[in-house]
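Once you know that position 45 of the sequence shown is 458 in the numbering used here, the rest is easy, because the numbers rise by one and skip nothing. These notes are about the structure you will find just below.
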Amino acid sequence: MDNKNITKQMIQYNKSVFENAFTMISLLQDYATNLSSTLVSQIPWFPEDAKNGILETAEMFKEARANYKMAMDDGFLKLQDMSFSNFDDMFRNENK
């Protein structure tokens, strides 16, 4: 295999690992958010301002998570679009 194919496979593998881990963590965070909001809504003495604060914080986490995912996807796209034409030359120069 040449270096270009190995590099592309490594990028695809890392992207796949990231996608799987991100999906799993997102599901866990969503579950924890649903669980905490259900718990807080059932406590009668819990202040309404605190309930709203918890819900706003959960929304901020979701927004930050979406921004992080978008940044990682952009990074993987840039890696995939990158030209590896000088990549092979780099390895040829090391072997001399």
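Heads up, the beta-carbon is just placed ideally off N, CA and C, and yes, glycines get one too. From a predicted model like this one, the values you see are computed outputs, not experimental measurements.
Cα-Cα separation between LYS491 and ALA484, rounded to whole angstroms: For this step, residue 491 is matched to residue 78 along the sequence shown. For this step, residue 484 is matched to residue 71 along the sequence shown. In a straight line, the C-alpha of LYS491 is about 11 angstroms away from that of ALA484.
Closer than 7 angstroms by C-beta to LYS482: which residues in its own chain qualify, once you throw out the five before and the five after it? Chain order, please. Locating residue 482 in the sequence shown gives position 69, where the first residue counts as 1. PHE435, listed in sequence order.
Backbone CA spacing between ALA479 and PHE489 [nearest angstrom]: Position 66 of the sequence shown holds residue 479. Position 76 of the sequence shown holds residue 489. In a straight line, the C-alpha of ALA479 is about 15 angstroms away from that of PHE489.
When GLN442, VAL453, TYR426 are compared against MET473, the one with the closest alpha-carbon: In the sequence shown, the residue the question calls residue 473 occupies position 60. Of GLN442, VAL453, TYR426, the smallest CA-CA separation from MET473 is found for GLN442.
Pop quiz: THR451 and ALA471 are said to be a contact at Cβ under 8 angstroms. What is the actual Cβ separation, rounded to whole angstroms? Residue numbering aside, residue 451 sits at position 38 when the sequence shown is read from its first letter. Residue numbering aside, residue 471 sits at position 58 when the sequence shown is read from its first letter. Wrong, their Cβ atoms sit about 12 angstroms apart, outside the cutoff.
To the nearest whole angstrom, what separates the beta carbons of ILE438 and VAL453, a pair I think is in contact under 8 angstroms? As a first step, residue 438 must be located in the sequence shown, where it is residue number 25. As a first step, residue 453 must be located in the sequence shown, where it is residue number 40. Taking a contact as a CB-CB distance under 8 angstroms, the pair ILE438 and VAL453 does not count as one, their CB atoms being some 22 angstroms apart.
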